[in-house]
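Everything on this sheet refers to the single structure shown next.
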Amino acid sequence: MDKKQKEKSKLHKQIRRFKNSWQLYIFLLPALTFFIIFHYLPMYGVQIAFKDFYATEGIWGSPWIGFDHFTRFFNSYYFWRLLKNTLLLNLYQLALFPLPIILALAVNELRNGTLKKWVQTITYAPHFISVVVVVGIIVAFLDPVTGIANHLISSFGGEPVDFLTSSEWFRHIFVWSDVWQTLGWGSIIYLAALAGINPELHEAAKIDGATRLQRIRYINIPGILPTVVVLFILSLGNFMAVGFEKVLLLQNNLNSSTSDVIQTFVYQSGLLEGQYSFASAIGLFDSMINIILLITVNQIAKKTSDNSLW
C-alpha cells in the first residue's frame with residue numbers, strides 16, 4: 001500500500017469514527033464555541049502591541065512600528081523592579097504549592113466522619129468570599145489602631161506595626177491571605193485522587209505491618225503523583241498571573257516598591273493612561289513567559305515521568 005492509499009484509508013477511518021460518535025462531538029460544540037469567541041477571536045487585537053495604535057484610525061489604520069514598545073519597556077528604569085516583584089511574588093506562592101497536598105493527606109487520614117466534614121467546611125468556606133471582602137478583612141485585622149493583630153502585639157509589650165504601608169510585609173500578607181482563602185479548595189482534587197486509590201493496597205500494607213506514615217509515603221503519595229504533576233504544570237503555566245485584583249486593592253504609594261507588578265503596570269498604562277499599544281506589548285511579554293514555562297515544564301515532565309498535559 002503506497003503513501004496515498006494509507007492517507008486515504010486513515011481519512012476514511014476518521015470519517016467513520018466521526019459518524020459513529022457524532023453525538024459526542026455535538027456536546028463539544030458549546031465549549032469550542034466559547035473558546036473560539038472569547039479566547040481566539042480577541043487575539044486579533046494582539047497586533048496593536050506592534051503598532052502605534054490610534055482609536056480614530058482603528059487597528060488596521062494605525063502605523064506599524066514593530067518592536068518599539070517592547071524595546072521601550074525593556075530599557076525603562078522600572079522594568080527590572082516590575083520583573084523582580086512579579087517573580088518573587090510568584091516564587092513565594094509556588095514554594096507553598098505542597099500545602100494543599102499536605103492538607104488533603106491529613107484530611108484523608110481522619111477517621112471521625114463528623115470532624116472530617118467540619119475540617120472540610122472550615123477550609124473550603126474562605127474560597128467563596130470575594131477578593132474585595134477578603135481585602136476588607138485584612139485591612140480590618142491589620143489596622144494599626146483598631147486591628148486585632150496590633151492589639152495582640154501591644155498586649156505582649158510590642159509597638160503597633162502599620163503592616164499595610166510597609167513594603168517588607170506586603171508579600172507575606174498577600175501570599176498567606178491567599179493560602180487561607182484557597183488552601184481548602186485546592187485540596188479537593190487531591191482528595192478525589194486519594195479516594196480513587198485501591199483500598200486493597202492499604203489492607204495488604206496493614207497485614208505486612210506498615211505504619212500509617214509508611215502507607216502515606218508508599219501508597220497515597222505515589223497514587224496522587226500524576227495529579228500533582230499535572231496541577232504543578234498548570235500552575236507554572238499561570239506563573240506570571242499574580243492575583244491582580246488583590247494586589248491592586250492592597251497597593252499604596254508606601255508599599256509600591258514591592259507591590260508594583262507587571263499586571264498592575266499594564267492596568268495603569270493601558271486603562272488609566274490610555275497607552276493601549278504599550279500596555280498590550282507588556283501583556284504579550286507576560287503571556288509569552290507563561291507559554292514558554294508551560295511548554296518547557298511539560299516537556300521535562302514528559303521525559304522524566306509518564307505524566308504530562310500532552
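Numbering follows UniProt numbering, in which position 242 of the sequence shown is assigned residue number 242; successive positions increment by one, without gaps. All residues carry an ideal CB built from backbone N, CA and C; glycine is no exception.
What first and last residue would you give for the alpha helix (DSSP H) that runs through residue i?
i: residue 276; result: 276-304
i: residue 51; result: No alpha helix (DSSP H) contains residue 51, which DSSP labels as neither H nor E.
i: residue 75; result: 68-75
i: residue 90; result: 79-95
i: residue 106; result: 99-108
i: residue 195; result: 188-195
i: residue 37; result: No alpha helix (DSSP H) holds residue 37; DSSP gives it neither H nor E.
i: residue 267; result: 262-267
i: residue 137; result: 131-142
i: residue 119; result: 113-124
i: residue 65; result: That residue, residue 65, is in no alpha helix (DSSP H); it is neither H nor E in DSSP.
i: residue 150; result: 148-155
i: residue 257; result: 256-259
Just how far apart, CA to CA, sit residue i and residue j?
i: residue 176; j: residue 114; result: 28 Å
i: residue 68; j: residue 53; result: 12 Å
i: residue 159; j: residue 153; result: 7 Å
i: residue 156; j: residue 149; result: 11 Å
i: residue 33; j: residue 101; result: 34 Å
i: residue 316; j: residue 8; result: The requested residue 316 does not occur in the structure, where the chain is confined to residues 1 to 310.
i: residue 285; j: residue 294; result: 14 Å
i: residue 14; j: residue 22; result: 12 Å
i: residue 251; j: residue 165; result: 9 Å
i: residue 261; j: residue 90; result: 10 Å
i: residue 267; j: residue 93; result: 22 Å
i: residue 230; j: residue 223; result: 13 Å
i: residue 106; j: residue 64; result: 57 Å
i: residue 306; j: residue 228; result: 13 Å
i: residue 171; j: residue 253; result: 15 Å
i: residue 141; j: residue 147; result: 4 Å
i: residue 71; j: residue 245; result: 28 Å
i: residue 196; j: residue 16; result: 34 Å
i: residue 256; j: residue 131; result: 20 Å
i: residue 96; j: residue 271; result: 33 Å
i: residue 78; j: residue 247; result: 17 Å
i: residue 12; j: residue 4; result: 12 Å
i: residue 162; j: residue 173; result: 12 Å
i: residue 151; j: residue 82; result: 34 Å
i: residue 232; j: residue 225; result: 10 Å
i: residue 208; j: residue 108; result: 21 Å
Looking only at its own chain, which residues have a Cβ that is under 8 Å from the Cβ of residue i, when we skip the five neighbours before and after it?
i: residue 48; result: 59, 62, 276, 277 and 280
i: residue 289; result: 239 and 240
i: residue 51; result: 59, 62, 63, 64, 65 and 277
i: residue 145; result: 160
How would you call residue i, buried or exposed, if buried means at least 16 neighbouring beta carbons within 10 angstroms?
i: residue 259; result: buried
i: residue 44; result: exposed
i: residue 282; result: buried
i: residue 40; result: exposed
i: residue 263; result: buried
i: residue 193; result: buried
i: residue 25; result: exposed
i: residue 312; result: The structure shown has nothing for residue 312, since the chain only spans 1 to 310.
i: residue 84; result: exposed
i: residue 190; result: buried
i: residue 133; result: exposed
i: residue 86; result: buried
i: residue 243; result: buried
i: residue 265; result: buried
i: residue 74; result: exposed
i: residue 76; result: exposed
i: residue 55; result: exposed
i: residue 269; result: buried
Short of 6 Å in beta carbon distance, which residues of its chain neighbour residue i, apart from the five on each side in sequence? Order them along the chain.
i: residue 308; result: 298, 301 and 302
i: residue 110; result: 116
i: residue 138; result: 177
Which same chain residues end up closer than 7 Å to residue i when comparing Cβ atoms and leaving out the 5 residues on each side of it in sequence?
i: residue 185; result: 124 and 127
i: residue 236; result: 293, 294 and 297
i: residue 215; result: 202 and 205
i: residue 182; result: 127
i: residue 98; result: none
i: residue 234; result: none
* **Contained alpha helix (DSSP H) runs [length at least 4] in the segment 196-246, N- to C-terminal order** => 199-207, 212-215 and 221-237
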